[in-house]
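Okay, so the sequence shown: first residue is 1 according to this note's numbering, each after it adds one.
All residues carry an ideal CB built from backbone N, CA and C; glycine is no exception.
Bear in mind that the values here come from a model prediction, so they are computed numbers and not experimental data.
Report on the following structure.
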Amino acid sequence: MIFIFGISNGRKELDYHQSILCTICGKYGRYLVFMEYMYFSLFFIPVFKWNKTYYVRSTCCGALYTIDRELGNRIARGENVILQESDLHLVNKGCDFGLKRCSRCGYETREDYRYCPKCANPLDG
Ligand SMILES: [Zn+2]
Ligand SMILES: [Zn+2]
Numbered sequence: 001m002i003f004i005f006g007i008s009n010g011r012k013e014l015d016y017h018q019s020i021l022c023t024i025c026g027k028y029g030r031y032l033v034f035m036e037y038m039y040f041s042l043f044f045i046p047v048f049k050w051n052k053t054y055y056v057r058s059t060c061c062g063a064l065y066t067i068d069r070e071l072g073n074r075i076a077r078g079e080n081v082i083l084q085e086s087d088l089h090l091v092n093k094g095c096d097f098g099l100k101r102c103s104r105c106g107y108e109t110r111e112d113y114r115y116c117p118k119c120a121n122p123l124d125g
């Protein structure tokens, strides 16, 4: 008997839409909720999940927040939850999301480059 198993990282979009007036960029947008988790699979079938984290992203500027697991679980169950500002824990403001800046030549990129494409300086972050 050979067991094929693995530990992977999953993401699930939740069925949640809330219209907002964004406090960061001042535009109208929506909150999207998704969940990230680790899962253990056996023969490519997920057996159990753990380390669930719920995230909220605004569609206007891409700001990223986390919300409490309890609240996320309620959204996942399909409850009619209205997210308040006090429920959201800011992870980053969208405009700087994933931005890397070369310390040598100042080149900015959102791509996952390990080295600056202009001057080959190693990029951190
Ligand atoms: Zn915004
Ligand atoms: Zn550079």
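Distance CB(residue i)-CB(residue j) smaller than 9 Å
i, j, result
"arginine 110", "asparagine 121", "no"
"leucine 32", "valine 56", "yes"
"phenylalanine 40", "leucine 14", "no"
"threonine 59", "glycine 29", "yes"
"methionine 38", "serine 8", "yes"
"arginine 114", "tyrosine 107", "no"
"glycine 26", "glycine 62", "no"
"isoleucine 2", "phenylalanine 44", "no"
"leucine 90", "leucine 64", "yes"
"lysine 49", "glycine 6", "no"
"isoleucine 67", "leucine 42", "no"
Residue i CB to nearest heavy atom of ligand 1 below 8 Å
i, result
"serine 19", "no"
"isoleucine 24", "yes"
"lysine 27", "yes"
"glycine 10", "no"
For residue i: DSSP bridge partner residues
i, result
"glutamine 18", "Tyr31"
"arginine 104", "Note: arginine 104 sits in no beta bridge, so no partner."
"lysine 49", "Tyr39"
"asparagine 9", "Met38"
"leucine 64", "Arg57 and Asn92"
"tyrosine 115", "Pro122"
"threonine 109", "Lys100"
Near ligand 2: residue i beta-carbon under 8 Å from a heavy atom
i, result
"glycine 62", "no"
"tyrosine 107", "yes"
"arginine 104", "yes"
Nearest-angstrom Cβ-Cβ length linking residue i and residue j, presumed shorter than 8 Å
i, j, result
"tyrosine 16", "isoleucine 82", "So it is not a contact: roughly 10 Å between Cβ atoms."
| query | Which residue spans inside the region 67–96 form an unbroken beta strand (DSSP E) run of at least 3? | reply | Segments of the beta strand (DSSP E) lying fully in the region 67–96: 89–92.
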